[in-house]
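Have a look at the structure below, then the notes.
Numbering (this note's numbering), first residue to last: 93 to 243.
Spelled out as structure tokens, the structure:
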């Protein structure tokens, strides 16, 4: 038996019930299913007005999901790709900066756990953390085996 045809609003609510979405991301998903006469922007405005779609909740959700594995630059790039801009982005960046060294240390410990003995291994560990989006300062602190609270 075929699934019933969902309206655009029903589809949007189904997406939002699974996880938070940015306006840009939800708009892209809904545009694929929009038929002639459907106004995706009006629907997105309606969802924001009723607080079913929130850029702040989306940002917090994304940061919560990604912060245990990735550094600030990678998280910021992902937020920007989802349409988060301006002052909101700067506030989120400032909030993440406080914990970056501790997060880098945690990621490094989970992956390696011991300070590298030779330059090749040290470079490998540094590349791993840098590819995860951590700053050089955070990588250096993690690689030295220092506890970030000691600073």
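All C-beta atoms in this analysis are idealised placements derived from N, C-alpha and C, irrespective of residue type, glycine included.
Three-way DSSP call (helix, strand, coil) for residue 224 in this model: In the chain shown, counting from the first residue as 1, residue 224 sits at position 132. Residue 224 sits in coil when the DSSP states are folded into three classes, being neither helix nor strand.
Backbone CA spacing between residue 185 and residue 231 [nearest angstrom]: On the chain shown, residue 185 is found 93 positions in, with the first residue counted as 1. On the chain shown, residue 231 is found 139 positions in, with the first residue counted as 1. Using only the alpha carbons, I get a separation of about 18 Å.
Integer Cβ distance of residue 208 from residue 233, believed to fall under 8 Å: Mapped onto the chain shown, residue 208 falls at position 116. Mapped onto the chain shown, residue 233 falls at position 141. By a beta-carbon distance limit of 8 Å, residue 208 does not contact residue 233. Their separation comes to about 14 Å.
Proximity of residue 179 and residue 150 at Cβ, strictly below 8 Å: Sequence index remark: in the chain shown, residue 179 carries index 87 (1-based). Sequence index remark: in the chain shown, residue 150 carries index 58 (1-based). Residue 179 places its beta carbon 8 Å or farther from that of residue 150.
Cβ-Cβ distance between residue 214 and residue 235 below 8 Å: Counting from one through the chain shown, the residue named residue 214 turns up at place 122. Counting from one through the chain shown, the residue named residue 235 turns up at place 143. Yes. Within cutoff.
Terminal residues of the alpha helix (DSSP H) in which residue 164 lies: As a working mapping, residue 164 is identified with position 72 in the chain shown. Start and end: 164-173.
Backbone CA spacing between residue 198 and residue 160 [nearest angstrom]: Residue mapping note: residue 198 aligns to position 106 of the chain shown, counting from 1. Residue mapping note: residue 160 aligns to position 68 of the chain shown, counting from 1. The straight-line gap from Cα to Cα measures roughly 8 Å.
Per-residue DSSP class, three states only, for residue 199: By one-based count along the chain shown, residue 199 stands at place 107. Correct three-state label for residue 199: helix.
Runs of alpha helix (DSSP H) wholly within the stretch 117-166 (minimum 4 residues, chain order): Taking only runs of at least 4 residues, the alpha helix (DSSP H) segments lying wholly in the stretch 117-166 are 132-141 and 147-158.
Proximity of residue 163 and residue 119 at Cβ, strictly below 8 Å: Looking up residue 163 in the chain shown gives position 71. Looking up residue 119 in the chain shown gives position 27. Not in contact: residue 163 and residue 119 (Cβ atoms no closer than 8 Å).
Under 8 Å between C-beta atoms of residue 135 and residue 122: Position 43 of the chain shown, counted from the first residue, corresponds to residue 135. Position 30 of the chain shown, counted from the first residue, corresponds to residue 122. Contact flag set, yes.
Extent of the continuous alpha helix (DSSP H) run through residue 105: Counting from 1 along the chain shown, the entry for residue 105 is found at position 13. Taken as a continuous stretch (DSSP letters only), the alpha helix (DSSP H) holding residue 105 covers 100-110.
Alpha-carbon spacing of residue 132 relative to residue 191, whole angstroms: Locating residue 132 in the chain shown gives position 40, counting from the first residue. Locating residue 191 in the chain shown gives position 99, counting from the first residue. Whole-angstrom Cα-Cα distance: 38 Å.
Whole-angstrom distance between residue 158 and residue 222, CA atom to CA atom: Locating residue 222 in the chain shown gives position 130, counting from the first residue. Locating residue 158 in the chain shown gives position 66, counting from the first residue. Residue 158 has its alpha-carbon roughly 15 Å from the corresponding atom of residue 222.
Extent of the continuous alpha helix (DSSP H) run through residue 236: Here residue 236 refers to the residue found at position 144 when the chain shown is read from its first residue. From DSSP, residue 236 is part of no alpha helix (DSSP H); its letter is neither H nor E.
Proximity to residue 126 [Cα-Cα], best of 194, 216, 103 and 212: What you label residue 126 is simply residue 34 of the chain shown in a count that begins at 1. Taking the Cα of residue 126 as reference, the smallest distance to any Cα among 194, 216, 103 and 212 is reached at 103.
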